[in-house]
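Asks: In the numbering used here, the protein residues as written are 2 to 418. Every residue, glycine too, gets a C-beta built ideally from N, C-alpha and C. Can you keep this structure in mind? I'll have questions shortly.
Here it is in structure tokens:
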């Protein structure tokens, strides 16, 4: 986005000094952020591009950026670029934050409650297999085990409540679990993959009468006013697109079987990567089925729905294509549809998914593995901080997924001579 600024006016008056260009650029950026034209999380153009747009040296742009980074208005991220800061958000690549030396004392002997739906169940889920339920369990385990370990190593103990099963029973199970923990006088509570609406309806009113800290762990960013840890889906989308572009893909396709907040964040990240690479915006084709996740019949597997949707939009004529599927199920469905057209992933086209489900490994699908263990460990740190300092502010931490390169995107397209 071009900066809305004017070049410093030259003057011949010996008593009037022109305002430095770098301050003009810094002021223009501040104004656009304050007016909402540059929103939190927006990727800014490269220093070189901004310098060209304003007819100044790159060093001048760097001076402007340094001012705003120091003020906390902008943030830089290694290998990603320059972003508008998101107030209250701490981005972490590896959850390696170090706690104050005295923080562990607060957790010794503390009793922590953990609530999570370990797996869903539907009586009419005829397309689902035992492996699908194991995927649900694996995700929760990979978060909860590091959480319990981190608390245990600091002398804390946990009580776990599984509210899984039929979704229709979740609200009642959640209320019962929360009430049971409060009656047991726990010192803190961690909610893992609990729907925001339950928190709004039950937890927030309960917290008005209690000082027990609550930490939320979720797969997508949440707006509830609690300390919370989630995956940086925008960064994951950026990494997927960056990988495909680096592999020589000339055209990118974003493929999603339904609308979702996390899918839209991944799409935004892909667009960031295209912009930062200096590629035209129209090199990305977007195919999103006109469905919300709540519209999907409960008995249908997502990869089966993806096969059906892919068949309606598939275009075998697109050359040197890289496909970003909004999750692994969608990627596997797309790969099967392409296979029926005689095209093979990893040679005729490249494809990347998200979530690293079991089928992705079996299918040779490159994917973004979510930072599940880091999320659990970081939840423990937030809880320890809250207990040691009494701080109940709504700190948000976004953790980066890790790219796993498999056969579907391993080989690079050879540059055309």
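Taking the continuous alpha helix (DSSP H) assigned at residue 1, which residues delimit it?
Replies: What is shown of the chain runs 2 to 418, which leaves residue 1 out entirely.
Asks: Note down the Cα distance separating residue 285 from residue 162, rounded to an integer number of angstroms.
Replies: Counting from 1 along the chain shown, the entry for residue 285 is found at position 284. Counting from 1 along the chain shown, the entry for residue 162 is found at position 161. Their Cα atoms are separated by approximately 44 angstroms.
Asks: Out of curiosity, what's the CA-to-CA distance linking residue 3 and residue 51?
Replies: Start at 1 with the first residue of the chain shown, and residue 3 comes out as number 2. Start at 1 with the first residue of the chain shown, and residue 51 comes out as number 50. Note that residue 3 scores 44 on pLDDT, short of 50, meaning its location in the model is unreliable; the coordinates nonetheless yield the value given after this. Roughly 7 angstroms separates the two Cα atoms.
Asks: In angstroms, rounded to a whole number, what distance separates the CA positions of residue 82 and residue 289?
Replies: Counting from one through the chain shown, the residue named residue 82 turns up at place 81. Counting from one through the chain shown, the residue named residue 289 turns up at place 288. Rounded to the nearest angstrom, the two C-alpha atoms are 27 angstroms apart.
Asks: If you run the structure through DSSP and keep just helix, strand and coil, what is residue 161?
Replies: Indexing the chain shown from 1 puts residue 161 at position 160. Here residue 161 carries a strand assignment [DSSP, helix/strand/coil].
Asks: Tell me which same chain residues have a C-beta within less than 6 angstroms of the C-beta of residue 313, skipping the five on either side of it?
Replies: Along the chain shown, one-based indexing puts residue 313 at 312. So no residue of the chain qualifies.
Asks: Just list the residues that DSSP pairs residue 346 with in beta bridges.
Replies: Translated into the one-based positions of the chain shown, residue 346 becomes position 345. Per DSSP, 350.
Asks: Residue 333 and residue 360 - do their beta-carbons sit closer together than 8 angstroms?
Replies: Against the chain shown, residue 360 aligns to sequence position 359. Against the chain shown, residue 333 aligns to sequence position 332. For residue 360 and residue 333, yes; Cβs fall inside 8 angstroms.
Asks: In this structure, how does DSSP classify residue 67 when only helix, strand and coil are distinguished?
Replies: Within the chain shown, the letter at position 66 stands for residue 67. Residue 67 falls in the helix class under three-state DSSP.
Asks: Tell me whether the segment 174–192 and the segment 152–162 touch, counting them as touching only if at least three CB pairs, one residue from each stretch, are closer than 8 angstroms.
Replies: yes
Asks: Among the candidates 170, 45 and 260, whose CA atom is the shortest distance from the CA of residue 277?
Replies: By one-based count along the chain shown, residue 277 stands at place 276. Answer by Cα proximity: 45.
Asks: Is it buried or exposed, residue 233, if we count other Cβ atoms within 10 angstroms and call 16 or more buried?
Replies: The residue you call residue 233 lines up with position 232 of the chain shown. The residue in question, residue 233, is buried, as its Cβ has 16 or more Cβ neighbours within 10 Å.
Asks: When DSSP builds the beta bridges, which residues end up paired with residue 257?
Replies: As a position in the chain shown, residue 257 is number 256, starting the count at 1. In the DSSP output, where bridge partners are listed per residue, residue 257 has 289.
Asks: What residue range is occupied by the uninterrupted beta strand (DSSP E) comprising residue 219?
Replies: As a working note, residue 219 is residue 218 in the chain shown. Element bounds for residue 219: 215–219.
Asks: Using DSSP's beta-bridge definition, name the partner residues of residue 237.
Replies: In the chain shown, residue 237 corresponds to position 236, counting from 1. The partner list for residue 237 (beta bridge, DSSP) is empty, contrary to what the question assumes.
Asks: Is there contact between the segment 202–219 and the segment 243–261, where contact requires at least three CB pairs shorter than 8 angstroms?
Replies: no
Asks: How big is the Cα-Cα spacing for residue 249 and residue 167?
Replies: As a first step, residue 249 is located in the chain shown; it is residue number 248 there, counting from the start. As a first step, residue 167 is located in the chain shown; it is residue number 166 there, counting from the start. Whole-angstrom Cα-Cα distance: 45 angstroms.
Asks: Whole angstroms is fine: what's the gap from residue 258's alpha carbon to residue 240's?
Replies: Locating residue 258 in the chain shown gives position 257, where the first residue counts as 1. Locating residue 240 in the chain shown gives position 239, where the first residue counts as 1. Between residue 258 and residue 240, the C-alpha separation is close to 21 angstroms.
Asks: Around the C-beta of residue 77, are 16 or more other C-beta atoms found within 10 angstroms, so that it is buried, or is it exposed?
Replies: Counting from one through the chain shown, the residue named residue 77 turns up at place 76. Exposed, since its Cβ has fewer than 16 Cβ neighbours within 10 Å.
Asks: Would the beta-carbon of residue 216 fall within 8 angstroms of that of residue 380?
Replies: Taking the chain shown and counting its residues from 1, the one referred to as residue 216 is at position 215. Taking the chain shown and counting its residues from 1, the one referred to as residue 380 is at position 379. Against a cut-off of 8 angstroms, the Cβ pair of residue 380 and residue 216 comes out as a contact.
Asks: Straight-line CA distance for residue 287 to residue 275?
Replies: Residue 287 sits at position 286 when you count from the first residue of the chain shown. Residue 275 sits at position 274 when you count from the first residue of the chain shown. The alpha-carbon atoms of residue 287 and residue 275 are separated by roughly 13 angstroms.
Asks: Can you list, in chain order, the residues of its chain whose CB lies under 7 angstroms from that of residue 169, leaving out five sequence neighbours each side?
Replies: Locating residue 169 in the chain shown gives position 168, where the first residue counts as 1. Correct list: empty, nothing qualifies.
Asks: Have a look at the DSSP bridge pairing and note the partners of residue 419.
Replies: Nothing about residue 419 can be reported from this structure: the residues present for the chain run from 2 to 418 only.
Asks: Taking the alpha-carbon positions, what's the residue 73 to residue 396 distance?
Replies: Numbered from its first residue, the chain shown carries residue 73 at position 72. Numbered from its first residue, the chain shown carries residue 396 at position 395. So the two alpha carbons sit approximately 16 angstroms from each other.
Asks: If you follow the beta strand (DSSP E) that residue 192 is in, where does it begin and where does it stop?
Replies: On the chain shown, position 191 is the one that residue 192 refers to. Taken as a continuous stretch (DSSP letters only), the beta strand (DSSP E) holding residue 192 covers 189–193.
Asks: Given 8 angstroms as the limit, is there contact between the segment 56–71 and the segment 17–34, that is, 3 or more CB pairs closer than that?
Replies: yes
Asks: Can the beta-carbon of residue 324 be found closer than 8 angstroms to that of residue 155?
Replies: Taking the chain shown and counting its residues from 1, one reaches residue 324 at position 323. Taking the chain shown and counting its residues from 1, one reaches residue 155 at position 154. Not in contact: residue 324 and residue 155 (Cβ atoms no closer than 8 angstroms).
Asks: Between the C-alpha atoms of residue 331 and residue 199, what's the straight-line distance to the nearest angstrom?
Replies: Looking up residue 331 in the chain shown gives position 330. Looking up residue 199 in the chain shown gives position 198. So the alpha carbons of these two residues sit roughly 28 angstroms apart.
Asks: Who are residue 305's beta bridge partners in DSSP?
Replies: Position 304 of the chain shown, counted from the start, is the residue given in the question as residue 305. DSSP output for residue 305 lists no bridge partner at all.
Asks: Would you kindly check if the distance between the Cβ of residue 231 and the Cβ of residue 220 is under 8 angstroms?
Replies: Translated into positions along the chain shown, residue 220 becomes position 219. Translated into positions along the chain shown, residue 231 becomes position 230. Yes, Cβ-Cβ distance for residue 220 and residue 231 is below 8 angstroms.
Asks: Below 8 angstroms on the Cβ atoms is my guess for residue 345 versus residue 407; work out the distance and round it to an integer in Å.
Replies: Taking the first residue of the chain shown as position 1, residue 345 is located at position 344. Taking the first residue of the chain shown as position 1, residue 407 is located at position 406. Not quite, the Cβ-Cβ distance comes to about 14 angstroms (not below 8 angstroms), so this is no contact.
Asks: Given a cut-off of 8 angstroms, decide if residue 165 and residue 387 are closer than it, judged by their beta-carbon atoms.
Replies: For the purposes of this step, residue 387 is taken as residue 386 along the chain shown, with counting starting at 1. For the purposes of this step, residue 165 is taken as residue 164 along the chain shown, with counting starting at 1. Their beta carbons are not under 8 angstroms apart, which means residue 387 does not touch residue 165 by this criterion.
Asks: DSSP three-state label for residue 171, please.
Replies: Counted from its first residue, the chain shown places residue 171 at position 170. Correct three-state label for residue 171: helix.
Asks: What residues in its chain sit with their C-beta under 6 angstroms from that of residue 109, if we drop five residues either side in the sequence?
Replies: Against the chain shown, residue 109 aligns to sequence position 108. So the list reads 156, once near-sequence residues are dropped.
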